[in-house]
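First up is the structure itself, then whatever we jot down about it.
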Amino acid sequence: MKQEKNNQYSDEVDLGYLLSKIGNFFKKIAKAFVYTVDFYLNYKWIVLGLLVVGVVGGYFLETSTPSKSKIELVVEPNYDTHKLFYNAIENIPVLLQKQHTDDQAKQDLIALFGEDYAFIRSVDIKPLRDFNYLMKGEEFVEMIETLSEIKDLDWIFEDLEEGFLNKQHLLEIVVVDGDGLDKNKIAQNLINYFNQIDYLQDYRKVSLTNTQYLLTQNDKSITQIDSVMHAAGSLASLKSIQQGVLLSDNSQLANLLEQKTEILDQRFELFKKVEMQDQVIEVVHVNSNAKFDSAIASLSKTILLPFLLIFGFSVLMFFRFTYRKLKSYTHA
């Protein structure tokens, strides 16, 4: 009985201690709030002055700072030019930084974008990841199987992470809006620059010639298979046909149909390559008036500047208060 009373008393003490701690916590919050209000009331004229200066200054910054917009291009690098294209794009921010001190950087920017390069503020590229496209690619699947056997998949994972194995990529060019700016011309100049590189054009021509040859061979194979199947169907015995090919049963006809289907699939992929890879860098879509959605840029300067001024003043006064407290403590 005595033990039950002791347990009850212990529970009451624990509950009282908890309530006391909660009460002290809310008291600290209330004190902090009162101190904050008192601080801004004591310095109300300074705060009001900073508010006015911030609003006026923010308004002038708002009206004098040119707006920014973004050019978005969905592109498809062909003929294994992904790494070259990425390296060139990722080097552009360096050229933008050096353009005022390095004449070669300026000339490189002119070569890439034309005379409107001065409107450009940043350029970025990222892959539009589509793993369904990757897994449907026969070359990719065969490459994975081969490298799995020799346990050499590291570079595949690196290229997947970088996006080099993806088909489509989003190129973003941030520009300052101004008189004389031609966004379409900037985008076209950049794409033309890559499509006019002699080495890549030579590689493209060789690749297309080889593709055309493979298409011709596929057409011949399909013609031969059709000839065999037509001859087989015209003979009642299905034992002998042209070119001395013997068909002992219907399974051989099924094999021919399967081979024809595979060749037709290959032909379709080769035909797409000829028709849809006309250039080294193909442009799938262009949006010349995309919104520049930087978080800071989207904030009104008439609101942001007063906030920063008052916040900066508050931080300085806090350090002043802390310094005085430490000074009084050390001299105590």
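In this note's numbering, the protein residues as written are -14 to 317.
Positions of the beta carbon are idealized from the N, C-alpha and C atoms, including for glycine.
Keep in mind that this is a model prediction, so the values were computed, not measured.
For residue i, three-class secondary structure by DSSP
i: Val41; result: helix
i: Val59; result: strand
i: Lys12; result: helix
i: Leu301; result: helix
i: Lys152; result: coil
i: Ser52; result: coil
i: Leu242; result: helix
i: Asp263; result: coil
i: Asp211; result: helix
i: Asn109; result: The amino acid at residue 109 is misidentified as Asn; the sequence shows Asp. Strand at Asp109.
i: Gly229; result: Unreliable positioning characterises Gly229 in this predicted model, as indicated by a pLDDT of 48, which lies under 50. The coordinate reading is nonetheless provided below. Note: Gly229 maps to helix in three-state DSSP.
Proximity winner among the options, relative to residue i (alpha-carbon distances)
i: His215; options: Thr201, Val159, Leu242; result: Leu242
i: Gln202; options: Lys245, Asp187, Leu166, Asn177; result: Lys245
i: Leu249; options: Val40, Ala275, Leu200, His270; result: Leu200
i: Ser52; options: Leu35, Asp164, Leu175; result: Asp164
i: Leu255; options: Asp204, Phe303, Leu94; result: Asp204
i: Val265; options: Glu57, Val79, Leu156, Gln181; result: Gln181
i: Leu58; options: Tyr44, Val159, Leu81, Thr307; result: Val159
i: Tyr188; options: Tyr64, Val300, Leu33; result: Tyr64
i: Asn177; options: Gln89, Val60, Ser192; result: Val60
i: Ser320; options: Leu46, Thr208, Leu166, Arg309; result: The question about residue 320 has no answer here: the residues shown for the chain are numbered -14 through 317.
i: Ile56; options: Phe296, Ile288, His270; result: His270
i: Phe277; options: Lys12, Lys91, Asp87, Asp162; result: Asp162
i: Thr21; options: Phe306, Val38, Leu293; result: Phe306
i: Leu293; options: Pro62, Lys83, Lys190, Val40; result: Val40
i: Asn195; options: Arg252, Leu35, Glu157; result: Arg252
i: Ala73; options: Asp93, Leu193, Val259, Asp87; result: Asp93
i: Pro291; options: Ile207, Val38, Phe179, Gln262; result: Val38
i: Ala275; options: Val32, Asp88, Ile210, Glu157; result: Glu157
i: Gln153; options: Pro62, Ala103, Lys83; result: Pro62
i: Phe303; options: Ser5, Asn9, Ala17; result: Ala17
i: Glu247; options: Asp263, Ile210, Gln262; result: Ile210
i: Thr287; options: Gly42, Gln186, Leu4, Asp183; result: Gly42
i: Leu35; options: Phe179, Tyr308, Leu289; result: Leu289
i: Gln262; options: Asn76, Phe10, Val191; result: Val191
i: Lys339; options: Gln84, Val79, Leu193; result: The structure shown does not extend to residue 339, since the chain spans only -14 to 317, so no value can be given for it.
i: Val268; options: Leu175, Asp183, Ala239; result: Leu175
i: Pro112; options: Ala103, Leu155, Gln186; result: Leu155
Span of the beta strand (DSSP E), counted from its first residue to its last, around residue i
i: Ser274; result: In the sequence as presented, Ser is not what sits at residue 274; that position holds Asn. Counting along the chain, the beta strand (DSSP E) containing Asn274 begins and ends at 266 to 276.
i: Asp101; result: Element bounds for Asp101: n/a, residue is neither H nor E.
Residue range of the unbroken alpha helix (DSSP H) whose run includes residue i
i: Pro78; result: 67 to 83
i: Asp93; result: 88 to 98
Residue-level contact to chain D via CB, residue i, 9 Å cutoff
i: Ser5; result: Although the question refers to chain D, the structure presented lacks it and comprises just one protein chain.
Report task. Any chance you could list the alpha helix (DSSP H) runs of at least 4 consecutive residues sitting entirely within the region 165 to 205, in chain order? Result -> Taking only runs of at least 4 residues, the alpha helix (DSSP H) segments lying wholly in the region 165 to 205 are 168 to 180.
Requested in this report: May I ask you to verify whether the region 101 to 109 touches the region 61 to 71, counting CB pairs closer than 8 Å and requiring at least 3?
Outcome: No, because fewer than three Cβ pairs between the region 101 to 109 and the region 61 to 71 fall closer than 8 Å, the two stretches do not touch.
Report task. Inspect the CB distances between the region 91 to 102 and the region 164 to 173 and report whether three or more fall short of 8 Å. Result -> Under the 8 Å Cβ criterion, the region 91 to 102 counts as touching the region 164 to 173, having at least three qualifying pairs.
Query raised in the report: Do the region 15 to 32 and the region 294 to 314 touch if we need at least three Cβ pairs shorter than 8 Å?
Result: The answer is yes - the region 294 to 314 touches the region 15 to 32, with three or more Cβ pairs under 8 Å.
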